[in-house]
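Contents: one structure, followed by commentary.
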Amino acid sequence: MEKIYLLDEFLTVPYLKELVKSNGLKMVNPPPQELEETLRYYKQRLRSSLDEPFIMNDHQKAKVRIPLNQDEYYCMEWNMTKLKYLINRAQIKKVEVTEKIIASSLPAHCEGDKDGNWTLLSFPPITSKYILAEGNKENISTDQKIWDAYLIQPQIHLQAVTRSIYRYLFAIHFNYSLICSYIAGQLTLKEVEARVLPVI
């Protein structure tokens with residue numbers, strides 16, 4: 000069985016600095032002083048969350064593997080039955096999205112995906128910015144440029160993850176991308192602190 004995450008190199012200060020440079024950005028600011036300690040805490044929090052009880056159920060799930068570099072990754076998993084309930088409860092309507100957004104999204108494997116909906120999950124830390132939780136890219140017609148789809152923000156879809164570790168992984172990756180933006184001079188430390196997600 001595949002591990003939920005492999006982040007040994009990713010969660011280090013040297014790798015973070017190298018990532019900023021490899022993305023063609025200049026290092027304008029030094030890493031925050033407490034970054035080393037924060038990354039250690041993230042690793043410890045992830046390890047301890049693996050021991051939390053996990054309730055198995057037979058609900059429809061969407062699973063995706065998010066690659067971070069050549070060797071490292073983390074996985075995400077959503078309970079699609081719960082996500083559909085949350086969509087109904089929040090009265091989220093379908094919106095028009097371009098074929099380009101669907102085509103560039105990271106596809107998840109969705110068990111029992113039969114109702115024909117397109118569901119995109121907003122996932123700011125990744126390059127494509129979206130995960131296709133429901134719908135099949137192979138069914139995209141090149142003639143049709145606009146599609147009706149559910150576009151779900153993180154504050155909604157993170158309520159439907161199957162384990163708390165997935166919320167932590169999202170928050171850690173999101174916070175990591177904020178720190179990269181700070182080092183590259185794209186955000187101030189105050190802006191980073193205002194946006195950072197708690198990992199508790």
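Okay, so the sequence shown: first residue is 0 according to numbering that gives the first Met the number 0, each after it adds one. Cβ coordinates follow ideal geometry from the N, Cα and C atoms, glycine included.
Could you round the C-beta distance between residue i and residue j to whole angstroms and report it? I think they count as a contact, below 8 Å.
{"i": "Leu150", "j": "Ser180", "result": "Not really, about 23 Å apart at Cβ, beyond 8 Å."}
{"i": "Leu82", "j": "His156", "result": "6 Å"}
{"i": "Trp77", "j": "Val160", "result": "6 Å"}
{"i": "Leu15", "j": "Ile178", "result": "7 Å"}
{"i": "Ile101", "j": "Ile139", "result": "6 Å"}
What did DSSP end up calling residue i once you bin it into helix, strand or coil?
{"i": "Thr97", "result": "strand"}
{"i": "Ala102", "result": "helix"}
{"i": "Ile91", "result": "coil"}
{"i": "Pro66", "result": "strand"}
{"i": "Leu186", "result": "coil"}
{"i": "Val15", "result": "Checking the sequence, you will find Leu at residue 15 rather than Val. Helix."}
{"i": "Glu76", "result": "strand"}
{"i": "Leu5", "result": "strand"}
{"i": "Lys42", "result": "helix"}
{"i": "Ala193", "result": "helix"}
{"i": "Lys25", "result": "coil"}
Measuring alpha carbon to alpha carbon, tell me which of the options ends up nearest residue i.
{"i": "Leu196", "options": "Pro124, Tyr129, Trp146 and Asp147", "result": "Pro124"}
{"i": "Glu98", "options": "His108, Glu137 and Lys20", "result": "Glu137"}
{"i": "Lys189", "options": "Pro13, Ser21 and Pro31", "result": "Pro31"}
{"i": "Gln154", "options": "Ile91, Thr126 and Gly134", "result": "Ile91"}
{"i": "Val96", "options": "Arg194, Arg88 and Trp117", "result": "Trp117"}
{"i": "Lys60", "options": "Thr187, Leu119 and Ala107", "result": "Ala107"}
{"i": "Thr11", "options": "Gly184, Glu51, Glu35 and Ser21", "result": "Glu35"}
{"i": "Gln158", "options": "Ile100, Ser127, Arg88 and Ile139", "result": "Arg88"}
{"i": "Ile86", "options": "Leu119, Glu71 and Ile65", "result": "Leu119"}
{"i": "Gly23", "options": "Ile182, Trp146, Glu192 and Leu67", "result": "Ile182"}
{"i": "Thr37", "options": "Gly184, Asn174, Ser103 and Phe169", "result": "Asn174"}
{"i": "Arg39", "options": "Asp142, Phe9 and Ala193", "result": "Phe9"}
{"i": "Gln152", "options": "Pro13, Phe169 and Gln143", "result": "Phe169"}
{"i": "Lys70", "options": "Thr126, Glu33, Tyr4 and Ser47", "result": "Note that residue 70 corresponds to Asp in the displayed sequence, not to Lys. When only C-alpha atoms are compared, the closest one is Tyr4."}
{"i": "Thr126", "options": "Gly115, Val191 and Ser176", "result": "Ser176"}
Do the CB positions of residue i and residue j come within less than 9 Å of each other?
{"i": "Met75", "j": "His58", "result": "no"}
{"i": "Ala148", "j": "Lys93", "result": "yes"}
{"i": "Tyr129", "j": "Leu105", "result": "yes"}
{"i": "Leu67", "j": "Leu131", "result": "no"}
{"i": "Tyr167", "j": "Leu45", "result": "yes"}
{"i": "Lys51", "j": "Arg162", "result": "Before going further, note that residue 51 is Glu rather than Lys in the sequence given. Yes, they are a contact pair."}
{"i": "Gly184", "j": "Val27", "result": "yes"}
{"i": "Glu219", "j": "Arg64", "result": "In the structure displayed, the chain extends from 0 to 199; residue 219 sits before or after that span and is not available."}
Do we get a CB-CB distance below 9 Å when we pair residue i with the residues of chain C?
{"i": "Cys109", "result": "The structure shown has no chain C; it contains just one protein chain."}
For the ligand NAD, I want to know if residue i counts as a neighbour, meaning its beta carbon is within less than 8 Å of at least one of the ligand's heavy atoms.
{"i": "Gln90", "result": "No copy of the ligand NAD occurs in the structure displayed, which carries no ligand at all."}
So within the region 113 to 183, which uninterrupted beta strand (DSSP E) runs reach at least 3 residues, ignoring any that extend past its ends? 118 to 121, 129 to 133 and 145 to 151
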